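J.: The structure that follows is given in the form of structure tokens.
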Amino acid sequence: MNISTNRVEAFSDGVISIIITIMVFDIKFSHVISKDNFTQLVVTKQLINLVPKLITYVFSFLVVGIMWLNHHHLYLLLQRVDEKLLWLNLNLLFWLSLIPFPTSMLGGNPFLPQSTAIYGGVLFMATFSFSIMRAYAMRHDMMHKDDKLIQREIAKLNKRARVKNFLGMGAYLLSIPMAFVSIYISFACFTVMPILFFIPDGIEDEELVERIIDKNHSGGEDLSA
0 MNISTNRVEA FSDGVISIII TIMVFDIKFS HVISKDNFTQ LVVTKQLINL
50 VPKLITYVFS FLVVGIMWLN HHHLYLLLQR VDEKLLWLNL NLLFWLSLIP
100 FPTSMLGGNP FLPQSTAIYG GVLFMATFSF SIMRAYAMRH DMMHKDDKLI
150 QREIAKLNKR ARVKNFLGMG AYLLSIPMAF VSIYISFACF TVMPILFFIP
200 DGIEDEELVE RIIDKNHSGG EDLSA
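Under numbering that gives the first Met the number 0, the sequence shown is numbered contiguously, ending at residue 224.
Right, dumping it as structure tokens:
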């Protein structure tokens with residue numbers, strides 16, 4: 000089986016877009032008709048109650064968006080995929096698809112330790128899954144290696160990404176027990192990964208990127224049919 004990386008990206012993009020859409024459905028505001036003072040107080044109270052949900056949604060949107068950006072940059076570097084990598088990609092999408100659940104739980108119960116711990120656990124597993132997928136692709140020589148300059152740039156990029164992944168996973172793992180000590184420590188841990196990966200690990204040289212894209216288009220035929 001030889002499936003093009005573009006096909007895997009397209010499927011993953013669709014799943015991730017659905018995940019982001021599902022998260023926003025949890026933010027609901029009751030219908031208001033009356034305009035008296037009591038109703039205004041009710042509206043104000045509803046808006047205040049929605050603040051934790053909005054903050055949690057924005058943060059989860061950022062996390063999923065950063066995952067999507069890094070997923071795109073990773074698959075740009077691949078010249079082929081195999082069945083095991085497809086399953087590893089599905090594993091990543093599974094954990095990403097669970098993010099709406101702890102997002103809803105944390106948004107509705109922002110000071111509940113269990114909510115914070117579950118949120119950190121799901122983010123840890125998503126980051127861990129991404130790390131496994133990258134490591135598998137590196138170990139099985141799935142990245143471009145027929146061009147020495149591209150190969151050298153990819154090696155440097157993967158080294159940086161590996162260090163960042165370990166730091167991010169460590170922060171998420173630490174956030175789980177810390178939720179029962181101080182949720183604010185856990186909240187601080189949650190920010191580590193988005194800060195580290197806000198700028199995705201990709202090749203900055205536009206000429207090299209164009210060469211990689213040309214190689215992907217010339218060698219990634221879909222022969223699975």
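All C-beta atoms in this analysis are idealised placements derived from N, C-alpha and C, irrespective of residue type, glycine included.
These numbers were taken from a predicted model, which means no experiment stands behind them.
What is the residue span of the alpha helix (DSSP H) that isoleucine 19 lies within?
T.: As a position in the sequence shown, residue 19 is number 20, starting the count at 1. Run containing isoleucine 19: 4-23, per the alpha helix (DSSP H) assignment.
J.: As a quick exercise: from Leu97, His139, Lys163, Phe186, pick the residue whose alpha carbon is nearest that of glutamine 78.
T.: For this step, residue 78 is matched to residue 79 along the sequence shown. Considering only alpha carbons, the answer is His139.
J.: Comparing C-alpha positions only, which one of Ser185, Lys52, Leu68, Asp81 sits nearest to serine 16?
T.: Here the question's residue 16 lines up with position 17 in the sequence shown. Per the Cα distances, Leu68.
J.: Leaving aside the five residues before and after valine 14 along the sequence, list all residues of the same chain whose C-beta is less than 6 Å from its C-beta, in chain order.
T.: One-based indexing of the sequence shown puts residue 14 at position 15. Hits under 6 Å: Leu92.
J.: Determine the DSSP secondary structure at methionine 284, reduced to helix, strand or coil.
T.: Shown here, the chain extends from 0 to 224; a query on residue 284 therefore has no answer.
J.: Quick check: phenylalanine 129 and methionine 66, are their CB atoms within less than 8 Å of each other?
T.: Here residue 129 is taken as the residue at index 130 of the sequence shown, counted from 1. Here residue 66 is taken as the residue at index 67 of the sequence shown, counted from 1. A contact, by the Cβ cut-off of 8 Å.
J.: Expressed to the nearest angstrom, what Euclidean distance is found between the alpha-carbon atoms of glutamine 150 and proline 51?
T.: Within the sequence shown, numbered from 1, the residue matching residue 150 stands at position 151. Within the sequence shown, numbered from 1, the residue matching residue 51 stands at position 52. Glutamine 150 and proline 51: Cα-Cα distance of roughly 45 Å.
J.: Which same chain residues, not among the five before or five after proline 242, have their C-beta less than 6 Å away from its C-beta?
T.: In the structure as shown, the chain begins at 0 and stops at 224. Residue 242 is therefore absent and cannot be evaluated.
J.: Does the beta carbon of isoleucine 182 come closer than 8 Å to any beta carbon on chain B?
T.: Here chain B cannot be found, since the structure has a single protein chain.
J.: Kindly identify the DSSP beta-bridge partner or partners of leucine 77.
T.: Position 78 of the sequence shown, counting from 1, holds the residue named residue 77. Met142.
J.: Taking the alpha helix (DSSP H) that isoleucine 149 belongs to, which residues open and close that run?
T.: Taking the first residue of the sequence shown as position 1, residue 149 is located at position 150. Unbroken alpha helix (DSSP H) run through isoleucine 149: 147-177.
J.: My guess is that tyrosine 56 and methionine 104 are in contact by the Cβ rule of under 8 Å, so how many angstroms apart are they, rounded?
T.: Within the sequence shown, numbered from 1, the residue matching residue 56 stands at position 57. Within the sequence shown, numbered from 1, the residue matching residue 104 stands at position 105. So it is not a contact: roughly 12 Å between Cβ atoms.
J.: Among the residues of its own chain, which have a CB less than 8 Å from the CB of glutamate 8, if the five just before and after it don't count?
T.: Taking the sequence shown and counting its residues from 1, the one referred to as residue 8 is at position 9. Result list for glutamate 8: His70, His71, Tyr74, in chain order.
J.: Going by CA-CA distance only, name the one from Thr190, Phe186, Leu89, Asn48 that's closest to alanine 116.
T.: Against the sequence shown, residue 116 aligns to sequence position 117. Minimum Cα distance to alanine 116 is reached at Phe186.
J.: Which one of Pro112, Ile131, Gly106 has the shortest CA to CA distance from isoleucine 26?
T.: In the sequence shown, residue 26 corresponds to position 27, counting from 1. If we check each option's Cα against that of isoleucine 26, Gly106 comes out closest.
J.: When you compare each of Leu49, Glu152, Asn88, Ser11 to methionine 124 by their alpha carbons, which one comes out closest?
T.: The residue given as residue 124 occupies position 125 in the sequence shown. Nearest C-alpha to methionine 124: Asn88.
J.: Put proline 101 into one of helix, strand or coil per three-state DSSP.
T.: For the purposes of this step, residue 101 is taken as the residue at position 102 of the sequence shown. Reduced to three states, the DSSP call for proline 101 is helix.
J.: For leucine 148, count neighbouring Cβ atoms within 10 angstroms of its own Cβ and tell me buried if that reaches 16, exposed if not.
T.: Translated into positions along the sequence shown, residue 148 becomes position 149. Looking at its Cβ environment, which holds fewer than 16 other Cβ atoms inside 10 Å, leucine 148 is exposed.
J.: Please tell me whether leucine 84 and isoleucine 18 are closer than 8 Å, where the distance is taken between their beta carbons.
T.: Stepping through the sequence shown from its first residue, residue 84 is reached at position 85. Stepping through the sequence shown from its first residue, residue 18 is reached at position 19. No. Outside cutoff.
J.: Which residues in the same chain as methionine 132 place their Cβ atom closer than 8 Å to its Cβ, once the five residues preceding and following it in sequence are excluded?
T.: Position 133 of the sequence shown, counting from 1, holds the residue named residue 132. Excluding positions up to five away in sequence, the list reads Leu73, Leu84, Leu87, Asn88, Asn90, Leu91.
J.: Sort Gly167, Asn5, Phe179 by Cα distance to proline 193 and report the nearest one.
T.: The sequence position of residue 193 within the sequence shown is 194, counting from 1. Checked all of Gly167, Asn5, Phe179; the closest Cα to proline 193 is Gly167.
J.: Within 10 Å of its beta-carbon, does valine 80 have 16 or more other beta-carbons around it, so buried, or fewer, so exposed?
T.: Taking the sequence shown and counting its residues from 1, one reaches residue 80 at position 81. By the 10 Å Cβ count, valine 80 comes out buried.
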